[in-house]
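Enquirer: FYI, in the working numbering the residues of the sequence shown are 151 to 520.
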Amino acid sequence: MNLLAIEEPRSRPSERQRPVRLWHPRRVLVTPTALDHAHGRQIVARAERLGLPIERLKSNRLTGLRDENPRRAYVEAKATLAVVTAPPTKLKLQPIPPSADWRFDLAEGCPAHCQYCYLAGSLSGPPVTRVYANLDAILDNLESYLGQGGVTSTSQARAAEGTTFEASCYTDPLGIEHLTGSLSAAIRHFGAWNAPVQLRFTTKFAAVEPLLGLPHHRRTRARFSVNAAAAAHYEGGTAPLADRLAAMGSLARAGYPVGLTIAPILPVADWPDAYDALLRDAAEALADVREPDLTVELITHRFTPGSKTVLEGWYPGSDLPMRETERTRKLTKFGSVKYVFPSDLMKAMRAHLTERIAVRLPFAHILYWT
Ligand code: SF4
């Protein structure tokens, strides 16, 4: 890597944003109970306005989505939106270290096609995008968790964030926002919640226009999931990297705390230069933001035997490096196996990224490396 190389003047990411392409599912399934909720009816109305084909189901169960060919089941499911009600178990929140005190879900599933999708290890069945109609209950439920956090709230460095709630563990809420409006509703909810709380979401999409004017009162941190440009071919169906960075700049100018979720970090070709270029572009996107409130989360690539099997079924032929012989085998605290990069490589990547963040984004606050 030559960090002293003269950099060509380039257009800023904020100047390169193209018209945003929004996902239009081929099928919209609606359960009867979803229609009992005003938010469910609003989602259906949005789908109707977009001219999407809507199937009103007779039962609340989604059936007929499985196929013995995993690739075919995947393709059909990824083109399907289901409007459902979140089951009562969804109202019992779980801690989600290291990101937040609590995880809550506005939806489950995502229309994009990332070959390293972290959902592969956590969702069961075909990856239909299920969006929740009982949004009022989901948001009203959060209040009982105020002040109860055991992750960020008990961290000396992060307690000032208040009780933190992560909304993107099982979905990309911005990627489906044009169909649901759920993320905007959550941002409004936290904006009106006059307490030490923070809504957190991360996204690989860029359609932030509807969020810009919301009364967020700085209680939402919008993080953009980004990677070195050499990894772009792994992220089918997402917004281009330059658009995500431009979207981050737009939200920062609208007063939102923002963040970079650099994930999954991979030793792509010339990885030191590749990640430095990413940080340079992120800095450019924020160049005209006065005192940007920026956090950085650093997540290396890992896989489990289960997630590898699912991803190989979804993306046969992917060149994503997932050879066990090139990894270190570790046990999670729950006793399951995961494969991470060898310790020397981890240390080298961590040292390099940390150093380049200090140079490129000196105002950034690194939340964690994992
Ligand atoms: S955008 Fe995120 S949730 Fe969606 S497919 Fe990609 S990694 Fe998975």
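Glycine is no exception: its CB is placed at the ideal position from the N, C-alpha and C atoms.
1. Spell out whether any CB of chain D is found under 7 angstroms from the CB atom of residue 461.
2. Candidates 452, 406, 443 and 402: which alpha carbon is nearest residue 415's?
3. What is the rounded straight-line gap between the Cα of residue 279 and the Cα of residue 184?
4. Per DSSP, residue 399 forms a beta bridge with which residues?
5. Would you check if the region 419-428 and the region 369-380 touch, i.e. whether three or more CB-CB distances between them fall below 8 angstroms?
6. Is the beta carbon of residue 322 within less than 6 angstroms of some heavy atom of ligand 1?
7. Taking C-alpha atoms, which residue in 404, 477, 458 and 466 lies nearest to residue 442?
8. For residue 302 versus residue 311, is the C-beta distance shorter than 7 angstroms?
9. Mind checking whether the beta-carbon of residue 388 lies closer than 6 angstroms to any heavy atom of ligand 1?
10. Using 8 angstroms for Cβ pairs, my map puts residue 296 next to residue 230. What's the rounded Cβ distance?
11. Take the Cβ of residue 486 as the centre, count every other Cβ of all protein chains shown within 10 Å, and call the residue buried at 16 or more, exposed below.
12. What runs of the alpha helix (DSSP H), each 4 residues or longer, lie entirely inside the region 418-499?
13. By Cβ distance below 6 angstroms, which residues in the same chain neighbour residue 509 in space, the five residues on each side in sequence not counted?
14. By the three-class DSSP mapping on this structure, what secondary structure does residue 336 have?
15. Rounded to whole angstroms, what's the CA-CA distance from residue 521 to residue 475? Just pull it up for me.
16. How many angstroms separate the CA atom of residue 431 from the CA atom of residue 392?
17. Pair every Cβ in the region 238-254 with every Cβ in the region 308-327, then say whether three or more of these pairs are closer than 8 angstroms.
18. Under 6 angstroms: does the beta carbon of residue 262 sit that close to some heavy atom of ligand 1?
19. Which runs of the alpha helix (DSSP H) spanning at least 4 residues fall entirely within the region 261-343, listed in chain order?
20. Assuming residue 406 and residue 367 make a contact with CB atoms under 8 angstroms, what is their CB distance in whole Å?
21. So the candidates are 210, 274 and 241; which of them puts its Cα closest to the Cα of residue 227?
22. Within the present structure, is the beta-carbon of residue 124 separated from the nearest heavy atom of ligand 1 by less than 6 angstroms?
23. Taking C-alpha atoms, which residue in 331, 263, 314 and 182 lies nearest to residue 369?
24. Between the alpha carbons of residue 221 and residue 326, how many angstroms are there, rounded?
25. Given this structure, state the Cα-to-Cα distance separating residue 211 from residue 300, to the nearest angstrom.
26. My output table needs one value for residue 172: the three-state DSSP class, helix, strand or coil.
27. Any heavy atom of ligand 1 within a distance shorter than 6 angstroms of the CB on residue 228?
28. So, is residue 522 buried or exposed, given that buried needs 16 or more other C-beta atoms within 10 angstroms?
29. Closest to residue 260 by C-alpha separation, out of 217, 200 and 324, would be which residue?
30. Compute every distance between the C-beta of residue 354 and the non-hydrogen atoms of ligand 1, then say whether any falls below 6 angstroms.
Expert: The short version:
1. Absent from the structure: chain D. Only one protein chain is present.
2. With distances taken between Cα atoms, residue 415 lies closest to 452.
3. 14 angstroms
4. Beta-bridge pairing links residue 399 to no other residue.
5. As far as the Cβ criterion goes, the region 369-380 touches the region 419-428, which means the pair count is three or higher.
6. yes
7. 404
8. yes
9. yes
10. At roughly 36 angstroms, the Cβ-Cβ gap does not stay under 8 angstroms, so residue 296 and residue 230 are not in contact.
11. exposed
12. Those alpha helix (DSSP H) runs which fall completely within the region 418-499 and span 4+ residues are 421-435 and 455-464.
13. Result list for residue 509: empty, nothing under 6 angstroms.
14. Annotated three-state conformation of residue 336 is helix, per DSSP.
15. Since the first residue shown for the chain is 151 and the last is 520, residue 521 is missing from the structure and cannot be characterised.
16. 8 angstroms
17. yes
18. yes
19. Counting only runs that start and end inside the region 261-343, the alpha helix (DSSP H) elements of at least 4 residues fall at 285-290, 327-330 and 332-342.
20. With a Cβ gap of about 10 angstroms, residue 406 and residue 367 do not count as contacting.
21. 274
22. In this structure the chain extends from 151 to 520, so residue 124 is not present and cannot be described.
23. 314
24. 22 angstroms
25. 35 angstroms
26. coil
27. no
28. Residue 522 is absent from the model: the chain starts at 151 and stops at 520.
29. Shortest Cα-Cα distance from residue 260 to any of 217, 200 and 324 involves 324.
30. Yes, since a heavy atom of ligand 1 falls inside the 6 angstroms radius drawn around the Cβ of residue 354.
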